[in-house]
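Novice:
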Amino acid sequence: MKIAVCDLIVRFMERLGIGHVFGMPGAHILPVYDRLYDSSIKSVLVKHEQGASFMACGYTRASGRISACVATAGPGATNLITGIANAYVEKLPILVVTGETSTFIFGKGGLQESSGEGGTIDQVALFRDITRYQKTVERTDYLGQVLKQAAKILQAPASGPVLLSIPYNVQKELVEEAILDDIPFAGTASPVCSRYGAAADLAHMIVAAQHPVVVAGHGCFLSGAQDVLRQLSTLRNLPVATTLKAKGLVDEDSPLALGCLGVTSDGRAFRHIVDHADLVIFLGAGFNERTSYLWDARLLAGKLVVQVDHDAAQIEKVFKADLAIQGDIRAVLDDVLEAIAAAGSAPPPPPRVPAEVLPHFTVIARFFAGLVAKCPQGTQIFDDNIILAQTYLKAAPQHRYYPNTGISSLGYAIPAAIGARCVV
Numbered sequence: 023m024k025i026a027v028c029d030l031i032v033r034f035m036e037r038l039g040i041g042h043v044f045g046m047p048g049a050h051i052l053p054v055y056d057r058l059y060d061s062s063i064k065s066v067l068v069k070h071e072q073g074a075s076f077m078a079c080g081y082t083r084a085s086g087r088i089s090a091c092v093a094t095a096g097p098g099a100t101n102l103i104t105g106i107a108n109a110y111v112e113k114l115p116i117l118v119v120t121g122e123t124s125t126f127i128f129g130k131g132g133l134q135e136s137s138g139e140g141g142t143i144d145q146v147a148l149f150r151d152i153t154r155y156q157k158t159v160e161r162t163d164y165l166g167q168v169l170k171q172a173a174k175i176l177q178a179p180a181s182g183p184v185l186l187s188i189p190y191n192v193q194k195e196l197v198e199e200a201i202l203d204d205i206p207f208a209g210t211a212s213p214v215c216s217r218y219g220a221a222a223d224l225a226h227m228i229v230a231a232q233h234p235v236v237v238a239g240h241g242c243f244l245s246g247a248q249d250v251l252r253q254l255s256t257l258r259n260l261p262v263a264t265t266l267k268a269k270g271l272v273d274e275d276s277p278l279a280l281g282c283l284g285v286t287s288d289g290r291a292f293r294h295i296v297d298h299a300d301l302v303i304f305l306g307a308g309f310n311e312r313t314s315y316l317w318d319a320r321l322l323a324g325k326l327v328v329q330v331d332h333d334a335a336q337i338e339k340v341f342k343a344d345l346a347i348q349g350d351i352r353a354v355l356d357d358v359l360e361a362i363a364a365a366g367s368a369p370p371p372p373p374r375v376p377a378e379v380l381p382h383f384t385v386i387a388r389f390f391a392g393l394v395a396k397c398p399q400g401t402q403i404f405d406d407n408i409i410l411a412q413t414y415l416k417a418a419p420q421h422r423y424y425p426n427t428g429i430s431s432l433g434y435a436i437p438a439a440i441g442a443r444c445v446v
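Residue numbers (this note's numbering): 23 to 446.
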């Protein structure tokens, strides 16, 4: 059966499991918007397209699902750029659908034309460095291949935004609905599990170390490893520092919590690792400028280093690891707990975790303590002010903290929170 391309795009979104579209209608994207009316997808109207891109970021971060934003040609698309750049850095799967003037007037100076012809801006080129895949669909004969490639990237473990720019006349052309049958809608990819032997090696290193420390990152959230990590920390009296994006992974009031590892933190985690640790275990944590204190060599000098990450591209990206495991972090930690139990080793005494340097009675600390105290269980906190929050916001496991660590832009928190509120 033949249907219009605009219908096919909406059904493509439905098959991807997209439940919400954030955006603003405009002349060149109206055919797609019209088809949303009869769809199961909910349309969330924004007052500015930048808000749509940040809402999509918030929705995907809170749900773990693919989201979408839709905008018209020219200024509608360019207004999306900051939020989509953030999604690119955060590896968030966001489908961006933009309109374009009809192909038969390319280069003639049509209203909001962004084809790159005749001195107009090249809309797709603007997104080339901030999307994993971008394409202007000028003909329908290759539409199936374009959608297949888009679906593949959006459903990949290490994903990112995808842009489809569809001219107005192409949106109205007829294509076979069966195009969708050739696209693998795989849903969430299965985790890559570690070899048991590698996890057993990690267990042996933990038992043998005098002062092991975990640096836990956002990857622990992605794998659902929160409870397993807390279990391991309690079992082995294992201190845990987190990256900024992993605040709340462990209770920061716990005696085993070192707080955030980062240049704008209170420095407890840094001092403990530099002065005491003989084994540093990175779990789904990067080693960027903020976390590494500008790549301070003292953090890893004279220590054994382990890295566990589901993303092969992150393994030994910055530092050499004595043991590197690519795999689902929860699966790895389950294997580690099993190996430690089989070894029957007694846990070491609790470590001496340094006290906070910054006094508890400061105005900022009291403000954040009062804020968190008023947050009911399950509160999701979206934040632009990451410098203060890194130290003073004591996130707990019953909350989720979503800092804007991507490109650290202003204007993120409110629309991202609106996007997260749409998650059901």
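Quick reminder that beta carbons are idealized off the backbone N, C-alpha and C, glycines included.
(1) Output the residue ranges of the beta strand (DSSP E) runs that lie fully inside the region 55-111 and measure 3 residues or longer, sorted by chain position.
(2) Can you find a CB in chain C that lies within less than 8 Å of the CB of Arg374?
(3) Can you tell me where the beta strand (DSSP E) holding Arg33 begins and where it ends?
(4) Less than 8 Å between the C-beta atoms of Cys242 and Gly306, yes or no?
(5) With a threshold of 6 Å on Cβ separation, who are the neighbours of Arg217 within its own chain once the five nearest residues in sequence on each side are excluded?
(6) Taking only the alpha-carbon atoms, compute the straight-line gap between Ala439 and Cys79 and give it to the nearest angstrom.
(7) Could I get the ranges of all uninterrupted alpha helix (DSSP H) runs contained in the region 274-349, with 4 residues as the minimum, in chain order?
(8) In or out: Asp405 buried (at least 16 other Cβ within 10 Å) or exposed?
(9) So is Asn426 buried or exposed if we call it buried at 16+ other beta carbons inside 10 Å?
(10) Less than 8 Å between the C-beta atoms of Gln72 and Asn101, yes or no?
(11) Please report the distance separating the alpha-carbon of Gly400 from that of Arg37.
(12) Let's see if you can read the secondary structure: which residues bound the alpha helix (DSSP H) around His240?
(13) Could you check where the alpha helix (DSSP H) with Thr413 kicks off and where it finishes?
(14) Would you kindly work out how many angstroms separate the C-alpha atoms of Ala20 and Leu185, rounded to a whole number?
(15) For Val146 versus Gln156, is the C-beta distance shorter than 8 Å?
(16) Which complete alpha helix (DSSP H) runs does the region 111-168 hold, if anything under 4 residues is left out?
(17) Closer than 6 Å by C-beta to Gly284: which residues in its own chain qualify, once you throw out the five before and the five after it? Chain order, please.
(18) Taking only heavy atoms of the ligand SAM into account, decide whether any of them is closer than 7 Å to the Cβ of Ala200.
(19) Taking the straight line between their C-alpha atoms, what separation do you get for Pro371 and Leu260?
(20) Exposed or buried, what is Tyr164 when buried is set at 16 or more other beta-carbons lying within 10 Å of its beta-carbon?
(21) If we count the other Cβ atoms within 10 Å of its Cβ and call it buried at 16 or more, is Asp249 buried or exposed?
(22) Would Gly93 pass as a contact of Gly45 if the rule is Cβ separation under 8 Å?
(23) Quick check on the DSSP output: the beta strand (DSSP E) that includes Arg422 runs from which residue to which?
(24) On the criterion of 16 or more Cβ atoms from any shown chain inside 10 Å, does Asp331 qualify as buried, or is it exposed?
(25) To the nearest angstrom, report how far apart Ala391 and Gly289 are at their CA atoms.
(26) In the structure shown, what three-state DSSP assignment does Gly392 receive?
(27) Check whether the Cβ atoms of Thr125 and Pro189 sit closer than 8 Å, and answer yes or no.
(28) For Ser62 and His42, I'd like the C-alpha separation in whole angstroms.
(29) Taking the beta carbon of Arg154 as the centre, do at least 16 other beta carbons fall within 10 Å, making it buried, or is it exposed?
(30) Could you please give the first and the last residue of the uninterrupted alpha helix (DSSP H) stretch that includes Pro437?
(31) May I ask you to report which of helix, strand or coil DSSP gives Leu260?
(32) Taking the C-alpha atoms as reference points, what is the distance between Asp350 and Gly140?
(33) Assuming Val302 contacts Val235 (C-beta within less than 8 Å), just tell me the rounded distance between them.
(34) Starting from the Cα of Lys342, find the closest Cα among Asp273, Val354, Lys325 and Ala238 and give me that residue.
(35) From what residue to what residue does the alpha helix (DSSP H) around Asp357 run?
(36) So, under 8 Å CB-CB, Ile127 and Ser136 are touching, yes? Tell me the CB distance rounded to an integer number of Å.
Specialist: Put simply:
(1) 64-67 and 89-93
(2) Structure shown: chain C not included; a single protein chain is present.
(3) Sequence index remark: in the sequence shown, residue 33 carries index 11 (1-based). No beta strand (DSSP E) contains Arg33, which is instead part of the alpha helix (DSSP H) from Val27 to Arg37.
(4) Within the sequence shown, residue 242 is the residue found at index 220, counting from 1. Within the sequence shown, residue 306 is the residue found at index 284, counting from 1. Cys242 is a Cβ neighbour of Gly306, given a cutoff of 8 Å.
(5) Taking the sequence shown and counting its residues from 1, one reaches residue 217 at position 195. Confidence in Arg217 is poor, its pLDDT being 44 and thus under 50, which makes the residue's placement too unreliable to answer from.
(6) Residue mapping note: residue 439 aligns to position 417 of the sequence shown, counting from 1. Residue mapping note: residue 79 aligns to position 57 of the sequence shown, counting from 1. Each residue's Cα considered, the two are about 9 Å apart.
(7) 290-297
(8) Here residue 405 refers to the residue found at position 383 when the sequence shown is read from its first residue. So Asp405 counts as buried.
(9) Reading the sequence shown from its first residue, position 404 is the one you call residue 426. Asn426 should be labelled buried.
(10) On the sequence shown, position 50 is the one that residue 72 refers to. On the sequence shown, position 79 is the one that residue 101 refers to. Yes, the Cβ-Cβ distance between Gln72 and Asn101 is below 8 Å.
(11) As a working mapping, residue 400 is identified with position 378 in the sequence shown. As a working mapping, residue 37 is identified with position 15 in the sequence shown. About 29 Å.
(12) As a position in the sequence shown, residue 240 is number 218, starting the count at 1. Here the alpha helix (DSSP H) through His240 covers His240 to Leu244.
(13) The sequence position of residue 413 within the sequence shown is 391, counting from 1. Ile408 to Tyr414 is the extent of the alpha helix (DSSP H) around Thr413.
(14) The question about residue 20 has no answer here: the residues shown for the chain are numbered 23 through 446.
(15) Counting from 1 along the sequence shown, the entry for residue 146 is found at position 124. Counting from 1 along the sequence shown, the entry for residue 156 is found at position 134. Yes; because the gap between Cβ atoms is below 8 Å, this pair is in contact.
(16) Residue ranges of uninterrupted alpha helix (DSSP H) with 4 or more members, entirely inside the region 111-168 and ordered along the chain, are 145-148.
(17) Taking the first residue of the sequence shown as position 1, residue 284 is located at position 262. Closer than 6 Å at the Cβ level, and outside the excluded window around Gly284, lie Leu266, Arg312, Thr313 and Gln412.
(18) Absent from the structure shown: the ligand SAM. Ligands present: none.
(19) In the sequence shown, the residue the question calls residue 371 occupies position 349. In the sequence shown, the residue the question calls residue 260 occupies position 238. Approximately 10 Å between the Cα atoms of the pair.
(20) Locating residue 164 in the sequence shown gives position 142, where the first residue counts as 1. By the 10 Å Cβ count, Tyr164 comes out exposed.
(21) Start at 1 with the first residue of the sequence shown, and residue 249 comes out as number 227. The residue in question, Asp249, is exposed, as its Cβ has fewer than 16 Cβ neighbours within 10 Å.
(22) To locate residue 93, count along the sequence shown from 1; it is residue 71. To locate residue 45, count along the sequence shown from 1; it is residue 23. The identity of residue 93 in the sequence shown is Ala, whereas the question assumes Gly. Yes.
(23) Taking the first residue of the sequence shown as position 1, residue 422 is located at position 400. It spans Arg422 to Pro425 - the beta strand (DSSP E) in which Arg422 sits, taken as one unbroken run.
(24) As a first step, residue 331 must be located in the sequence shown, where it is residue number 309. Asp331 comes out buried.
(25) The residue given as residue 391 occupies position 369 in the sequence shown. The residue given as residue 289 occupies position 267 in the sequence shown. Distance between the alpha carbons of Ala391 and Gly289: 19 Å.
(26) Taking the first residue of the sequence shown as position 1, residue 392 is located at position 370. Gly392: helix per DSSP, three-state reduction.
(27) Here residue 125 refers to the residue found at position 103 when the sequence shown is read from its first residue. Here residue 189 refers to the residue found at position 167 when the sequence shown is read from its first residue. Going by C-beta atoms, Thr125 is nearer than 8 Å to Pro189.
(28) To locate residue 62, count along the sequence shown from 1; it is residue 40. To locate residue 42, count along the sequence shown from 1; it is residue 20. Each residue's Cα considered, the two are about 9 Å apart.
(29) Along the sequence shown, one-based indexing puts residue 154 at 132. Arg154 should be labelled buried.
(30) The residue labelled residue 437 in the question sits at position 415 within the sequence shown. Start and end: Ala435 to Arg443.
(31) For the purposes of this step, residue 260 is taken as the residue at position 238 of the sequence shown. Residue state, collapsed to three classes: coil.
(32) To locate residue 350, count along the sequence shown from 1; it is residue 328. To locate residue 140, count along the sequence shown from 1; it is residue 118. Straight-line Cα distance between these residues: approximately 50 Å.
(33) As a working note, residue 302 is residue 280 in the sequence shown. As a working note, residue 235 is residue 213 in the sequence shown. Indeed, because the Cβ distance is near 5 Å, the residues count as touching under 8 Å.
(34) For the purposes of this step, residue 342 is identified with residue 320 of the sequence shown, where counting begins at 1. Per the Cα distances, Lys325.
(35) For the purposes of this step, residue 357 is taken as the residue at position 335 of the sequence shown. From DSSP, the alpha helix (DSSP H) with Asp357 extends over Ile351 to Ala365.
(36) In the sequence shown, residue 127 corresponds to position 105, counting from 1. In the sequence shown, residue 136 corresponds to position 114, counting from 1. About 12 Å; that fails the 8 Å criterion.
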